Every structure is written in structure tokens, then in C-alpha cells.
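Colleague: The sequence shown: position 157 = 157 (UniProt numbering), numbered continuously. Beta carbons: idealized from backbone N, C-alpha and C, even for Gly. Everything numeric in this text was worked out from a predicted model, so none of it was measured.
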Amino acid sequence: MTTQTKNLEVWLRGPVPGVPALLQPVAHALLQAREEVENFMHDFPEGLVWERPAGVASVGYHLQHLTGILERLFTYADGNTLTEDQLAYLYAEGKPTKTTTTELVQHFHEQVDKALEKLRQTNEETLTEVRKVGRSQVASSVIGLYFHAAEHTMRHVGQLLVTARVLRGQLI
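1. Does the count of Cβ pairs from the stretch 39-56 and the stretch 131-140 closer than 8 angstroms reach three?
2. Note down the Cα distance separating K95 from Y61, rounded to an integer number of angstroms.
3. So for residue 176, helix, strand or coil by DSSP?
4. Straight-line CA distance for V133 to A57?
5. Relative to the C-alpha of residue 173, which candidate in F40, L119, T81 has its C-alpha closest?
6. How big is the Cα-Cα spacing for Y76 and G144?
7. As a quick exercise: from G68, A27, T83, pick the residue whose alpha carbon is nearest that of residue 232.
8. Give the list of continuous beta strand (DSSP E) stretches no shorter than 3 residues that lie fully inside the stretch 114-165.
9. When you compare only the Cα positions, how much space is there between V37 and L73?
10. With a 10 Å radius around its C-beta and 16 neighbouring C-beta atoms as the bar for buried, classify E71 as buried or exposed.
11. Expressed to the nearest angstrom, what Euclidean distance is found between the alpha-carbon atoms of H152 and V112?
12. Compute the Euclidean distance between the alpha carbons of K114 and G55, then round it to the nearest angstrom.
13. Determine the closest residue to M154 out of D85, L66, L116, with distance taken between C-alpha atoms.
14. Less than 8 angstroms separating the beta-carbons of A33 and V157?
15. If you drop the 5 nearest sequence neighbours on each side, which residues of the same chain put their C-beta closer than 6 angstroms to that of H107?
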């Protein structure tokens, strides 16, 4: 990748290899999210990861949620229900742990990698198939779940970046 290409947002760098054409926007959003989290969380002070300025969700919560929501939405897209481990992770999101910021970021990166692999394995002919979501078994579709995974991820990345910026600003 050239320096000029690297400076472009992910969606302007061309297709993600192996990802079906209709799922390129999902892949681009997930890769953009990964880059933004990596860049902004570099050297983030450990002592601030669970702080909640003005009562908003902590940086730690967003990092946990980014990982968890991708796994859960892709589980539904596969036509599966959540496991007990996934439910336990969901209920623990936002609760402080001894996991470092670097480890939280790494877990998110790994989940993005898993999501991209799943996109590569997706047959475009299945995108409109109905999938059930949650305990209420609300109807969605494979493409609906993938799209929501991308937009929900980007929403939380934005919230994460603002919260982290506010917390860093308190150190000045």
C-alpha cells in the first residue's frame, strides 16, 4: 500500500480481497473502525479506561461492547442463538476488569478479523434469508445483521473517541 493510499479512508482504497461485492461496505466500515480504534487508543492512560466523564459509558465499556456486538450479530447472521458465554460477556460489558487497554483493543481487532473471514465465506445468495434475533426472535436478514454490525460498530467508535478525547483533555 502506498503512502497516498494509506492516507485515504478505507472505503476509498478499493475492494477488500475475497469479500463479496455487496458486503464491501460492511468490510470497509469494520476496517475503518479497527484503524481508528488502534490509532486513537495508542498510549491511552490505563487509569482512565473505566472513568465515566459526565456519566457517559467508559472507554472500557465501548471496547468490550465493540467486540461483543460483532460476535453477537454475526452469530445471529449464522442463524444461531447466543451461547451462555456470549450472554455472560454481554452482561459483563462495562464492568471494570484487570484486562489492559491494549488487550481490549487486541480483542476487538481479533473480532474484526473473524467478522471479515465470515464475510468472505458468505454466499451473496443468502443475504436476504431471514434470521431471528434475540430472545423475542425478531425477524431480520443476513444483510440486515451485517449492515447493523457495521453501523453499530461505527457509532460506538465515535462515542469511544469522544470519551477518550475528553478524558485525555482532563490530564492537560
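Modeller: In brief:
1. Output reads no: the stretch 131-140 does not touch the stretch 39-56.
2. Position 95 of the sequence shown, counting from 1, holds the residue named residue 95. Position 61 of the sequence shown, counting from 1, holds the residue named residue 61. Rounded to the nearest angstrom, the two C-alpha atoms are 7 angstroms apart.
3. Absent from the structure is residue 176, since the part of the chain shown begins at 1 and ends at 172.
4. In the sequence shown, residue 133 corresponds to position 133, counting from 1. In the sequence shown, residue 57 corresponds to position 57, counting from 1. Rounded to whole angstroms, V133 and A57 show a C-alpha spacing of 25 angstroms.
5. Lying outside 1 to 172, the shown extent of the chain, residue 173 is not represented and no answer is given.
6. The residue you call residue 76 lines up with position 76 of the sequence shown. The residue you call residue 144 lines up with position 144 of the sequence shown. Answer to the nearest angstrom: the Cα atoms are 11 angstroms apart.
7. There is simply no residue 232 to check, as the chain begins at 1 and stops at 172 in what is shown.
8. Runs found: 130-133, 138-141.
9. Position 37 of the sequence shown holds residue 37. Position 73 of the sequence shown holds residue 73. V37 and L73 have their C-alpha atoms spaced approximately 20 angstroms apart.
10. Here residue 71 is taken as the residue at index 71 of the sequence shown, counted from 1. Buried: at least 16 other Cβ atoms inside 10 Å.
11. On the sequence shown, position 152 is the one that residue 152 refers to. On the sequence shown, position 112 is the one that residue 112 refers to. If you draw a straight line from the Cα of H152 to the Cα of V112, it is about 13 angstroms long.
12. Along the sequence shown, read from residue 1 onward, the residue named residue 114 stands at position 114. Along the sequence shown, read from residue 1 onward, the residue named residue 55 stands at position 55. Approximately 32 angstroms between the Cα atoms of the pair.
13. The residue given as residue 154 occupies position 154 in the sequence shown. When D85, L66, L116 are compared, the shortest CA-CA separation from M154 is found for L66.
14. Here residue 33 refers to the residue found at position 33 when the sequence shown is read from its first residue. Here residue 157 refers to the residue found at position 157 when the sequence shown is read from its first residue. Result yes, Cβ atoms of A33 and V157 sit closer than 8 angstroms.
15. Walking along the sequence shown from the start, residue 107 turns up at place 107. The residues are T67.
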